[in-house]
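> Okay, here's the structure, questions in a sec.
2 protein chains.
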Amino acid sequence: MSEKITIYDIAKKLNITAATVSRALNNNPKIKESTRELVIKTAASMNYKQNKLALALKSGRSNNIGVIVPRIDSNFFASVIRGIEEELHPHGYQVIICQTHESPKRENENLYTLIDAQVDGIMMSVTDVTDENDGAFHYVLEKNVPLIFFDRSKHIDGVSSVTINDFKGGYVATKHLINEGCRAIAHFSGDQSLEIFKNRFLGYKQALLDNGMTFKEEYVIHTKSSVDAGKEAIDVLLALETPPDALFSASDFAALGAIQELKERNISIPKEFCVAGFSNEPFTKFMELSITSVDQSPLEMGKMSARVFLEQVDKTETIKIEKKVVLAPELHIRKSSSRTNF
Amino acid sequence: MSEKITIYDIAKKLNITAATVSRALNNNPKIKESTRELVIKTAASMNYKQNKLALALKSGRSNNIGVIVPRIDSNFFASVIRGIEEELHPHGYQVIICQTHESPKRENENLYTLIDAQVDGIMMSVTDVTDENDGAFHYVLEKNVPLIFFDRSKHIDGVSSVTINDFKGGYVATKHLINEGCRAIAHFSGDQSLEIFKNRFLGYKQALLDNGMTFKEEYVIHTKSSVDAGKEAIDVLLALETPPDALFSASDFAALGAIQELKERNISIPKEFCVAGFSNEPFTKFMELSITSVDQSPLEMGKMSARVFLEQVDKTETIKIEKKVVLAPELHIRKSSSRTNF
DNA sequence: TACTTTCGTGTAATCGATTACATAACACGA
DNA sequence: TCGTGTTATGTAATCGATTACACGAAAGTA
Chain A
1 MSEKITIYDI AKKLNITAAT VSRALNNNPK IKESTRELVI KTAASMNYKQ
51 NKLALALKSG RSNNIGVIVP RIDSNFFASV IRGIEEELHP HGYQVIICQT
101 HESPKRENEN LYTLIDAQVD GIMMSVTDVT DENDGAFHYV LEKNVPLIFF
151 DRSKHIDGVS SVTINDFKGG YVATKHLINE GCRAIAHFSG DQSLEIFKNR
201 FLGYKQALLD NGMTFKEEYV IHTKSSVDAG KEAIDVLLAL ETPPDALFSA
251 SDFAALGAIQ ELKERNISIP KEFCVAGFSN EPFTKFMELS ITSVDQSPLE
301 MGKMSARVFL EQVDKTETIK IEKKVVLAPE LHIRKSSSRT NF
Chain B
1 MSEKITIYDI AKKLNITAAT VSRALNNNPK IKESTRELVI KTAASMNYKQ
51 NKLALALKSG RSNNIGVIVP RIDSNFFASV IRGIEEELHP HGYQVIICQT
101 HESPKRENEN LYTLIDAQVD GIMMSVTDVT DENDGAFHYV LEKNVPLIFF
151 DRSKHIDGVS SVTINDFKGG YVATKHLINE GCRAIAHFSG DQSLEIFKNR
201 FLGYKQALLD NGMTFKEEYV IHTKSSVDAG KEAIDVLLAL ETPPDALFSA
251 SDFAALGAIQ ELKERNISIP KEFCVAGFSN EPFTKFMELS ITSVDQSPLE
301 MGKMSARVFL EQVDKTETIK IEKKVVLAPE LHIRKSSSRT NF
């Protein structure tokens, strides 16, 4: 175990005080140039490394930021985190990862733990059952730690967010299906208590209304984001008196399940039935029957969240800068819904 | 901004000293039971939270561990990290994420940064050009910080590793192709300086030899792990005088590229050509023509790495416990290579 | 010469918690 | 009454760096 070199060791060696060493290393202008050079050279030769923990304790800033996501092994969240890390790395921040597994209890626990670990900021996507009135959020705000929601957001005063325009995403996907000639478009939605799913649904509905189509409650099914859930849901739809001829799913996985089931029943896609998903999961473009999907620019979302954080950190004023960034979704049209192009 | 409550505040309120408060909160047996209860109750009522940074500075332990991966937005690495986080969370550790993007410079930088941030351990998958003689590794070892390689490993004294048996993975995948009746099996390999790719290749070769088949140098192509690389590589193979009738790819992405190209050429899979990949990426099972692949149990790998870390941390003895855990790969047989089953 | 700046560095407090050592109070036995 | 433990708590150092304030020396000014 190599000795830990501190500024006191350097000071002793040079017969000066630690204060001078500290000042020299921090480019304090009051230090004689010759002293500074000597200190810097000596520090290097002794292989000195600043103790970040001591610095953090003194300054109250840990140079860590926390990221809370439902789970990390999802392409979307992993990509967002990648964006955050890449944007923050040059600024000397480290990224701490926490998972909630959709449990608000874990979410609160993570919030408290991060604050107690003195992170300089928190970026998160809430669980699908998060209660924005929960104490943990106020604990964060009280501590004046910048909090930024990405993708899954809640309305809390003083909290910034970076999301995509889910309404528009739902709208353009649905409009596209209409353009392809579909006349009875169903929708797989997620938990409506999450803004994202509500907005995708509203976009879907508005697109129908704007184009002279009737909105049918029975065409909307709430599913989990899984292949099996998609299979079950499409079964329900196909059993209706007037089954739909298209599907806009708020989840790519559920869309995939629907496609698998439709094939099973020898319903031809996109000829007899068109499908569009949401998230642009990698597999959607890899399939032989590639799946039309709405891209959420996760990388950009992560980078943008990091930038919003950087703007807010160091602003000690009590004035809360509440910034709402809304990114544009992008529809990737593929075979599952292309009657005309492919 | 709420005041930060310290043990001194509690002490002042109760007319005792901070030392007593600290001892009471830490269940020191020398504290009178009534005092302990009083302190604990008061601490709770004042909403006291221990300052982790002060604790970290005093103890030299940050309760953070660092994870370095080439990139986080890969299903494999994200799953490993998930495993690490889940195993370490109950022990109070937080996980700091770093990415290298396959740059050894970034890798070194990350190692130094993590050590300077006083992490209690580091788990990593090396880049494909990592030089194990690099100073950064020794810096870590000098500091006596447990270092654990997962998946992509290097031989360094005193460093534990958790990998899968890549040789066996290559062997069983190849054997399977032989069993399906393939007689000319090609191989897409990655950078041979990485153990994992060397071993997958060696397993492949051994399986050929053990089954009376000839190993042909020209059937082995080094590709990057991407769809396009797979397409180009299969072109080369098909242009050979005696083209192969099967492929074992060390990358699922390259395998997918090959499949796309084979379809383009109207070569029937698996009838005329069988394909097996490696990593069991999510898309391999989602495809209509699902792809046979070797699973690496990333979740288990992450959990195991965390367990190895937990065993090593706190062991202050100089005796380095070098543990090499090798997990068993699992072949998932799917349509791309199943002439018999499907 | 005497007085004022300026410059460079030292002194010591601080961030918040832990802990070796000291000590006060009290009990007990002889 | 004295000596010896025992128990509970206080005192102060420590982890490593930063920084307000103090101060001596050198330089400038009248």
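Order-wise, the sequence lines are chains A and B.
Note that full-length UniProt numbering gives residue 280 to position 280 of the first sequence, counting from 1, and the numbers run on in steps of one.
Note that full-length UniProt numbering gives residue 161 to position 161 of the second sequence, counting from 1, and the numbers run on in steps of one.
For glycine and all other residues, C-beta sits at the position ideal for the given N, C-alpha and C.
Name the residue from Asp252(B), Phe273(B), Met46(B) whose alpha carbon lies nearest to the alpha carbon of Pro282(B).
Here the question's residue 282(B) lines up with position 282 in the second sequence. If we check each option's Cα against that of Pro282(B), Asp252(B) comes out closest.
> Using 10 angstroms around the beta-carbon of Gly277(B), count the other beta-carbons present and answer buried if the total reaches 16, otherwise exposed.
Translated into the one-based positions of the second sequence, residue 277(B) becomes position 277. When all chains shown are included, Gly277(B) counts as buried.
> For Lys324(A), which beta-bridge partners are listed by DSSP?
Sequence index remark: in the first sequence, residue 324(A) carries index 324 (1-based). Per DSSP, Ser161(A).
> Would Val275(A) pass as an interface residue toward chain B - the criterion being a Cβ-Cβ separation below 7 Å?
As a first step, residue 275(A) is located in the first sequence; it is residue number 275 there, counting from the start. No, Val275(A) lies away from the interface with chain B (no Cβ there is under 7 Å from its Cβ).
> Closer than 8 Å, Cβ to Cβ, to anything on chain B: give me those residues from the stretch 41-53 of chain A, in chain order.
Within the stretch 41-53 of chain A, the qualifying residues are Lys49, Gln50, Asn51, Lys52, Leu53.
> DSSP three-state call for Val220(A): helix, strand or coil?
The residue given as residue 220(A) occupies position 220 in the first sequence. Correct three-state label for Val220(A): strand.
> Asp295(B) bridges to which residues according to DSSP?
Numbered from its first residue, the second sequence carries residue 295(B) at position 295. DSSP lists Glu330(B) as partners of Asp295(B).
> May I ask you to list the residues that DSSP assigns as paired with Asn144(A)?
Along the first sequence, read from residue 1 onward, the residue named residue 144(A) stands at position 144. DSSP output for Asn144(A) lists no bridge partner at all.
> Taking Cβ to Cβ, would you say Asp120(B) is nearer than 7 Å to Cys182(B)?
As a position in the second sequence, residue 120(B) is number 120, starting the count at 1. As a position in the second sequence, residue 182(B) is number 182, starting the count at 1. Going by C-beta atoms, Asp120(B) is not nearer than 7 Å to Cys182(B).
> Output needed for Ile42(A): all residues of its chain with C-beta closer than 7 Å, excluding positions within five of it in sequence on either side, in chain order.
As a first step, residue 42(A) must be located in the first sequence, where it is residue number 42. The residue asked about is misnamed: residue 42(A) is Thr in this sequence, not Ile. Closer than 7 Å at Cβ, skipping near neighbours: Ile10, Lys13, Leu14.
> Output, in sequence order along the chain, the residues in the stretch 283-300 of chain A whose CB is closer than 7 Å to any CB in chain B.
Within the stretch 283-300 of chain A, the qualifying residues are Phe283, Phe286, Met287, Glu288, Leu289.
> Output yes if chain B places a C-beta closer than 7 Å to the C-beta of Ser268(A); else output no.
As a working mapping, residue 268(A) is identified with position 268 in the first sequence. So, not an interface residue.
> Does the stretch 100-115 of chain B come close enough to the stretch 80-88 of chain B that 3 or more CB-CB pairs lie under 8 Å?
Because the criterion of three Cβ pairs below 8 Å is not met, the stretch 80-88 of chain B and the stretch 100-115 of chain B do not touch.
> Using the beta-carbon of each residue, which ones in chain A are nearer than 7 Å to Leu57(B)?
Sequence index remark: in the second sequence, residue 57(B) carries index 57 (1-based). The contacting residues are Leu53, Ala54, Leu57.
> I want to see whether chain B comes within less than 7 Å of Gln312(A), judged by CB atoms only; does it?
The sequence position of residue 312(A) within the first sequence is 312, counting from 1. Not one chain B Cβ lies under 7 Å of Gln312(A).
> Note down the Cα distance separating Glu142(A) from Ala44(B), rounded to an integer number of angstroms.
Here residue 142(A) refers to the residue found at position 142 of the first sequence. Here residue 44(B) refers to the residue found at position 44 of the second sequence. So the alpha carbons of these two residues sit roughly 17 Å apart.
> Taking any Cβ of chain B, which residues in the stretch 91-109 of chain A have a Cβ under 7 Å from it, in chain order?
For the stretch 91-109 of chain A, which is checked against every Cβ of chain B, the residues closer than 7 Å are Gln94, Val95, Ile96, Ile97, Gln99.
> Do Ser62(B) and Ala56(B) have their CB atoms nearer than 7 Å?
Counting from 1 along the second sequence, the entry for residue 62(B) is found at position 62. Counting from 1 along the second sequence, the entry for residue 56(B) is found at position 56. Their beta carbons are under 7 Å apart, which means Ser62(B) touches Ala56(B) by this criterion.
> Along the chain, where does the alpha helix (DSSP H) that runs through residue 345(B) open and close?
In this structure chain B extends from 1 to 342, so residue 345(B) is not present and cannot be described.
> If you run the structure through DSSP and keep just helix, strand and coil, what is Ala184(B)?
Here residue 184(B) is taken as the residue at index 184 of the second sequence, counted from 1. In the structure shown, Ala184(B) sits in coil (DSSP, three-state: anything other than H, G, I, E or B).
> Let's test the definition: count the other Cβ atoms within 10 Å of the Cβ of Met1(B) and tell me whether it reaches 16, buried, or not, exposed.
In the second sequence, residue 1(B) corresponds to position 1, counting from 1. In this predicted model, Met1(B) has a pLDDT of only 48, less than 50, meaning its place in the structure is not dependable; the value taken from the coordinates is given anyway. Counting Cβ neighbours within 10 Å, Met1(B) comes out exposed, since fewer than 16 surround it.
> Who pairs with Leu247(B) in a beta bridge, going by DSSP?
Walking along the second sequence from the start, residue 247(B) turns up at place 247. Per DSSP, Ala186(B), Val275(B).
> Show which residues of chain A have a CB atom less than 9 Å away from the CB atom of Gln118(B).
Start at 1 with the first residue of the second sequence, and residue 118(B) comes out as number 118. Under the 9 Å cutoff, chain A gives Asn51, Lys52, Leu53.
> Does the beta-carbon of Gly170(B) have 16 or more other beta-carbons within 10 angstroms, so that it is buried, or is it exposed?
Taking the second sequence and counting its residues from 1, one reaches residue 170(B) at position 170. Buried, by the Cβ-count rule.
> Short of 8 Å in beta carbon distance, which residues of its chain neighbour His176(B), apart from the five on each side in sequence? Order them along the chain.
Translated into the one-based positions of the second sequence, residue 176(B) becomes position 176. Excluding residues within five positions, the ones whose Cβ falls inside 8 Å are Ala276, Thr292, Leu331, Ile333, Ser337.
> Under the assumption that Ala188(B) contacts Ala233(B) (Cβ atoms under 8 Å), give the Cβ distance between them as a whole number of angstroms.
The residue labelled residue 188(B) in the question sits at position 188 within the second sequence. The residue labelled residue 233(B) in the question sits at position 233 within the second sequence. The question names Ala, but residue 188(B) is Phe in the sequence shown. Correct: roughly 6 Å between the Cβ atoms.
> Taking its Cβ as the centre, do 16 or more other Cβ atoms sit within 10 Å of Ile265(A), making it buried, or is it exposed?
On the first sequence, residue 265(A) is found 265 positions in, with the first residue counted as 1. The amino acid at residue 265(A) is misidentified as Ile; the sequence shows Arg. Burial call: exposed.
> So if DSSP puts Gly66(A) in a beta bridge, which residue, or which two residues, is it bridged to?
By 1-based counting over the first sequence, the position of residue 66(A) is 66. In the DSSP output, where bridge partners are listed per residue, Gly66(A) has Ile96(A), Ile122(A).
> Val95(B): which of Thr130(B), Arg339(B), Ser305(B), Ile269(B) sits nearest, CA to CA?
In the second sequence, residue 95(B) corresponds to position 95, counting from 1. Nearest of Thr130(B), Arg339(B), Ser305(B), Ile269(B) to Val95(B), Cα basis: Ser305(B).
> Is there contact here, the stretch 152-165 of chain B with the stretch 193-202 of chain B, by at least three beta-carbon pairs under 8 Å?
Enough Cβ pairs lie closer than 8 Å, so yes.
> So, under 8 Å CB-CB, Phe273(A) and Leu262(A) are touching, yes? Tell me the CB distance rounded to an integer number of Å.
Residue 273(A) sits at position 273 when you count from the first residue of the first sequence. Residue 262(A) sits at position 262 when you count from the first residue of the first sequence. The pair is a contact, with the Cβ atoms about 6 Å apart (cut-off 8 Å).
> Is Phe150(B) helix, strand or coil by DSSP?
Along the second sequence, one-based indexing puts residue 150(B) at 150. Note: Phe150(B) maps to strand in three-state DSSP.
> Taking buried to mean at least 16 other C-beta atoms within 10 Å of its own C-beta, is Ser225(B) buried or exposed?
Looking up residue 225(B) in the second sequence gives position 225. By the neighbour-count rule (16 or more Cβ atoms within 10 Å), Ser225(B) is buried.
> Do Ser125(B) and Arg152(B) have their CB atoms nearer than 7 Å?
Locating residue 125(B) in the second sequence gives position 125, counting from the first residue. Locating residue 152(B) in the second sequence gives position 152, counting from the first residue. Yes, Cβ-Cβ distance for Ser125(B) and Arg152(B) is below 7 Å.
> I believe Glu311(B) touches Gly158(B) by the beta-carbon criterion, under 8 Å. Please report the beta-carbon distance rounded to the nearest angstrom.
As a position in the second sequence, residue 311(B) is number 311, starting the count at 1. As a position in the second sequence, residue 158(B) is number 158, starting the count at 1. Their Cβ separation, rounded to whole angstroms, is 14 Å, which puts Glu311(B) and Gly158(B) out of contact at 8 Å.
> If I measure Cβ to Cβ from Ala186(A) and keep anything under 8 Å in the same chain, skipping five residues before and after, which residues do I get?
Here the question's residue 186(A) lines up with position 186 in the first sequence. The answer, listed in chain order, is Tyr219, Val220, Ile221, Leu237, Pro244, Ala246, Leu247, Phe248.
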